[in-house]
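**Q**
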Amino acid sequence: MTSNQVVILGIESSCDETSAAVIKNGKVLANIIANQDVHIKYGGVVPELAGREHQKNIVPVVAQALKQAGITVSDIDAIAYTAGPGLIGSLLVGSSFAKGLALSLNKPLVTVNHMQAHVLAHFIDAQPEFPFLCLTVSGGHTQIVLVKDYYSMEIIGETIDDAAGEAFDKCAKILGLPYPGGPLIDKYAALGNPEAFKFALPKASELNYSFSGLKTSVLYFVQDRLKADPEFVSKHLNDLCASVQKAIIDVLVKTFDKAVKKTGVASVALAGGVSANSGLRKAMNELAEKNNCKCYIPAFQYCTDNAAMVAIAGYYKYKLGSTASLTAAASARIGFDEIR
Ligand code: KG4
Ligand code: ZN
16 MTSNQVVILG IESSCDETSA AVIKNGKVLA NIIANQDVHI KYGGVVPELA GREHQKNIVP
76 VVAQALKQAG ITVSDIDAIA YTAGPGLIGS LLVGSSFAKG LALSLNKPLV TVNHMQAHVL
136 AHFIDAQPEF PFLCLTVSGG HTQIVLVKDY YSMEIIGETI DDAAGEAFDK CAKILGLPYP
196 GGPLIDKYAA LGNPEAFKFA LPKASELNYS FSGLKTSVLY FVQDRLKADP EFVSKHLNDL
256 CASVQKAIID VLVKTFDKAV KKTGVASVAL AGGVSANSGL RKAMNELAEK NNCKCYIPAF
316 QYCTDNAAMV AIAGYYKYKL GSTASLTAAA SARIGFDEIR
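Numbering (my numbering), first residue to last: 16 to 355.
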């Protein structure tokens, strides 16, 4: 491509989605995602199986992304990949593939932090003004991030135990729903009464979150009711889902609201897999309105893990001239400033 045309191939393989995307000048030309159904019967992601599925999927997924984008590998200016955080066996597949391709094409590599990619997913369809406050809620993380610039981000609050997505998935499991339970809770909650059941709302200090107590509260409540009526869960599934969803949203929104007031930002944003939740999207819009803030929520396809967010994050990093060496190591646990 010419010097003012930047084409980025993005690769995401941090957990159980193998994804490849092509963006040209910040616009998405293709975003292919292969989900891994192999984990459903285990009720959660099995790391070893995830790595093997990535091995199977990575070549066809990248090939499909290039085909859909109408480009060949020689059109790529840089290859951006998720270097962490995530499951190490999964990260190694994407990073090794990206390195091999970069080496063979003699093109630069850009390393991307998965959590920053979730935040930067907003820039696919919008241009939020800095600074803004982003609530990033995924299966592994829950963070309140003060976003000062594309690559200047500060975590001002986070979970001290389970992530919000984990809370959804664990409560869903207690209700007998398959993994990942978050989307199913969302679906049944739409048909239920959120005030039907009350659960203990977990608290954490300052701007932090805690969700492990909620899961325990739901577990004891359900076990207790099942003693009196073995059909309790199936009879009240919609109300149970609506009440669990309300509890998680109430906790998320209450602390985020404190953070908005404390920072005085003019814009708020929601990111990560749980940002697909319809109740949370609504609650976030209401919070923004009350605080007189602009509200940014990604399109559904950019909420859960996808390579378009990795490609856009890579695009801004590439424009800053920040490329990585072939010796860059993927890492399961890694902070915002540790990926170069
Ligand atoms: O960001 P993501 O795709 O992967 C991680 O980086 O973890 O987030 C996955 C999480 C899972 O816990 C899943 O249950 C949750 O996002 N999730 C939802 C919804 N869609 C996905 N939770 C609640 N409501 C949804 N609609
Ligand atoms: Zn994610």
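For each residue, glycine too, the CB sits at the ideal point set by N, CA and C.
Under the three-state reduction of DSSP, which class applies to SER89: helix, strand or coil?
**A** Your numbering for residue 89 matches position 74 in the sequence shown. Note: SER89 maps to helix in three-state DSSP.
**Q** Between THR319 and the ligand KG4, is there a pair consisting of the residue's CB and a ligand heavy atom that are separated by less than 6 Å?
**A** Taking the first residue of the sequence shown as position 1, residue 319 is located at position 304. Yes; taking the cut-off as 6 Å, the Cβ of THR319 has a heavy atom of the ligand KG4 nearer than that.
**Q** Helix, strand or coil for CYS308? Go by DSSP, reduced to three states.
**A** One-based indexing of the sequence shown puts residue 308 at position 293. In the structure shown, CYS308 sits in coil (DSSP, three-state: anything other than H, G, I, E or B).
**Q** Are LYS122 and ALA93 touching if we call contact CB-CB under 7 Å?
**A** Position 107 of the sequence shown, counting from 1, holds the residue named residue 122. Position 78 of the sequence shown, counting from 1, holds the residue named residue 93. In terms of Cβ geometry, LYS122 and ALA93 form a close pair [threshold 7 Å].
**Q** Nearest to ALA262 by alpha carbon, out of ASN40, SER232, ASP239 and LYS82?
**A** Position 247 of the sequence shown, counted from the first residue, corresponds to residue 262. Ranking ASN40, SER232, ASP239 and LYS82 by Cα distance to ALA262 puts SER232 first.
**Q** Note down, in chain order, each residue of its chain lying with its Cβ closer than 6 Å to the Cβ of ALA326, except the 5 sequence neighbours on either side.
**A** Sequence index remark: in the sequence shown, residue 326 carries index 311 (1-based). Once the five neighbours on either side are set aside, the close Cβ partners of ALA326 are ILE23, GLY25, ALA36, ILE38 and ALA95.
**Q** Is PHE145 helix, strand or coil when you go by DSSP?
**A** In the sequence shown, counting from the first residue as 1, residue 145 sits at position 130. Three-state DSSP puts PHE145 in coil, outside helix and strand.
**Q** Hey, VAL125 and THR338: beta-carbon distance below 7 Å or not?
**A** Locating residue 125 in the sequence shown gives position 110, counting from the first residue. Locating residue 338 in the sequence shown gives position 323, counting from the first residue. Contact: yes.
**Q** Short check: CB of CYS256 to CB of ILE312, under 7 Å?
**A** For the purposes of this step, residue 256 is taken as residue 241 along the sequence shown, with counting starting at 1. For the purposes of this step, residue 312 is taken as residue 297 along the sequence shown, with counting starting at 1. No, they are not a contact pair.
**Q** Can you list, in chain order, the stretches of the alpha helix (DSSP H) that have 4 or more residues and sit fully within the stretch 92-168?
**A** 103-120, 129-135 and 137-140
**Q** Give the DSSP-derived three-state secondary structure of GLU27 in the structure shown.
**A** As a working note, residue 27 is residue 12 in the sequence shown. GLU27 falls in the strand class under three-state DSSP.
**Q** Any heavy atom of the ligand ZN closer than 6 Å to the CB of SER346?
**A** Within the sequence shown, residue 346 is the residue found at index 331, counting from 1. No, the ligand ZN has no heavy atom inside 6 Å of this Cβ.
**Q** Which of the three DSSP states is assigned to GLY172 in this structure?
**A** Here residue 172 refers to the residue found at position 157 when the sequence shown is read from its first residue. GLY172: strand per DSSP, three-state reduction.
**Q** Say the cut is 6 Å; is the CB of ALA182 nearer than that to a heavy atom of the ligand KG4?
**A** Counting from one through the sequence shown, the residue named residue 182 turns up at place 167. No.
**Q** With DSSP as the reference, label LEU285 as helix, strand or coil.
**A** For the purposes of this step, residue 285 is identified with residue 270 of the sequence shown, where counting begins at 1. Strand, per DSSP.
**Q** Could you tell me which whole beta strand (DSSP E) segments of length 3 or greater appear in the stretch 25-86?
**A** 32-39 and 42-50
**Q** Just to confirm before moving on: does the CB-CB distance between ALA361 and THR151 stay below 7 Å?
**A** Residue 361 is absent from the structure shown; the chain starts at 16 and stops at 355.
**Q** Sorted by chain position, which residues of the same chain lie with C-beta nearer than 6 Å to LEU116's C-beta, five sequence neighbours on each side aside?
**A** Counting from 1 along the sequence shown, the entry for residue 116 is found at position 101. Result list for LEU116: ILE94, in chain order.
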